[in-house]
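K.L.:
Once you know that position 96 of the sequence shown is 96 in the UniProt record's numbering, the rest is easy, because the numbers rise by one and skip nothing. All C-beta atoms in this analysis are idealised placements derived from N, C-alpha and C, irrespective of residue type, glycine included. None of the values given here were measured: they were computed from a predicted structure.
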Amino acid sequence: MDHAADHLDPAAPPSGPASSSAAVAEVNAWLASLAAEAGGAGGGGVGAPGGRGGVVGVGGGGAAPELSLGPEPTPRGVAYLRALAAASQARSRAAGIAAAGLRAQAAEYRAEAARLREALERAGLARDALSPPAAVSARAVAAVANLLAIRDTEMSSFVVASADLSLRRAEVEEKRDKVHKESKALLDYTRKAITKLTELKKMLEKFKNDVEKQQAEQMTDWQTKLVMMDSKERQYILQVSNYKAMLNRVGYTPEINHGVLMEMAEHKKDLERKTKPIADTLRSYQDLPPLLSYHVIDNQDASEHLGLFAVYHFALMSM
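(1) Quick one: using the 10 Å Cβ neighbour count with 16 as the cut-off for buried, is TYR80 buried or exposed?
(2) For the alpha helix (DSSP H) holding LEU116, just list the boundary residues, first then last.
(3) Anyone know if the C-beta pair for ALA23 and ARG76 falls short of 8 Å?
(4) Could you tell me whether the segment 181-196 touches the segment 159-171, using the rule of 3 or more Cβ pairs below 8 Å?
(5) Could you give the DSSP three-state label for SER131: helix, strand or coil?
(6) Excluding the 5 residues preceding and the 5 following TYR243 in the sequence, name in chain order all residues of the same chain whose CB lies nearer than 7 Å to its CB.
(7) Assign THR198 to one of two classes, buried (16 or more other C-beta atoms within 10 Å of its C-beta) or exposed (fewer than that).
(8) When the distance is taken between beta carbons, is ALA85 closer than 8 Å to GLU37?
(9) Report the rounded CA-to-CA distance for TYR109 versus TRP30, giving the unit in angstroms.
(10) Could you compute how far the alpha carbon of LYS269 sits from the alpha carbon of GLN239?
(11) Going by beta carbon distance, what residues of the same chain come within less than 6 Å of ALA119, once the five residues before and after it are set aside?
(12) CB-CB under 8 Å to ALA135, same chain, minus the five flanking residues each way: which ones, in chain order?
(13) Roughly how many whole angstroms lie between the Cα atoms of GLU233 and ARG249?
(14) Helix, strand or coil, according to DSSP, for THR275 in the structure here?
(15) LEU130 and ALA123 look like a contact to me (Cβ under 8 Å); what is the Cβ gap, rounded to whole Å?
(16) Identify which residue in ALA161, PRO132, PRO133 has its Cα closest to the Cα of VAL144.
(17) Whole angstroms is fine: what's the gap from ASP188's alpha carbon to LEU226's?
(18) DSSP on THR281, reduced to helix/strand/coil?
(19) If you draw a straight line from the C-alpha of GLU205 to the C-alpha of GLU212, how long is it?
(20) DSSP on THR198, reduced to helix/strand/coil?
(21) As a quick exercise: from VAL260, SER88, GLU121, PRO73, pick the residue whose alpha carbon is nearest that of LEU34.
(22) Using DSSP with H/G/I as helix, E/B as strand and the rest coil, what is LEU187?
(23) With a 10 Å radius around its C-beta and 16 neighbouring C-beta atoms as the bar for buried, classify VAL78 as buried or exposed.
(24) Do you know how far the Cα of ALA94 is from the Cα of LYS175?
(25) Could you check if ILE237 is buried or exposed, using at least 16 other CB atoms within 10 Å of its CB as the buried criterion?
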């Protein structure tokens, strides 16, 4: 089947005077050759209704069909058919050359086969004259020759083919050894990885158990601390209530600012400084006997000291 038309573009512009009489004659000659080949192949009427510039074929029965361009061929149709004819003729010539080469090679093979058959018959080695074991051996030799890609039966060819096969076998064995080593290394690596994975799983299980144990201990510790914190909270709340009650008793109000507290602290230090001499004087009377101390206290100086001390002490206590 000719596929030359697959590489042609019917929409391409015609090259040169495609509608000339020479081009039409060339196309008609090509169509006539196709018709002759078709008629020689089997006869029968072929053709198609040719429109403007189309191919018209007539014929029937055993007569060869006739192909032509029709009465009014178009330039584009003529150019397309001319290009198709050129491609078809080129492919036909190439196919003819290849077929001739194959026919010549087949003739050489047939002649060589006839020569070998005649030589074998003269030597008494024809196929019919061979015993069954000899036929089996011959078929084995032929099979080995086909396996080794040998076209003759010379010993040198078998030796070369055997050496080549040995080299290939050595290469295959080398590759097999390499693959075996790689597979062994991969197997060792896989075993180590599995062992490591088992160890990691054990460590993970241990960590899970340790975490659960630590969480239980930590929760117990937190519960104990929470109870303690609740107790401390109640204690601090009670202390705050007591401090608030104490502040209410001494007349503390939130309106007292830092400046007032500083003034009260300075006033307290002043009162302590003033009461210290009086306290020292009164402390000297503590070593006297009771009767003598009462007698001493009755004098006016001691009474004044005692009165001042009482006033300052009251002032300190009221702060």
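P.N.:
Let's see:
(1) buried
(2) 75-122
(3) no
(4) no
(5) coil
(6) none
(7) Burial call: exposed.
(8) no
(9) Spanning the two alpha carbons is a distance of roughly 36 Å.
(10) 28 Å
(11) There are no such residues.
(12) ARG127
(13) 24 Å
(14) helix
(15) Not a contact, Cβ separation roughly 11 Å.
(16) ALA161
(17) 55 Å
(18) helix
(19) 11 Å
(20) helix
(21) Here the closest residue by C-alpha is SER88.
(22) helix
(23) buried
(24) 45 Å
(25) Only exposed fits ILE237, as fewer than 16 other CB atoms lie within 10 angstroms of its CB.
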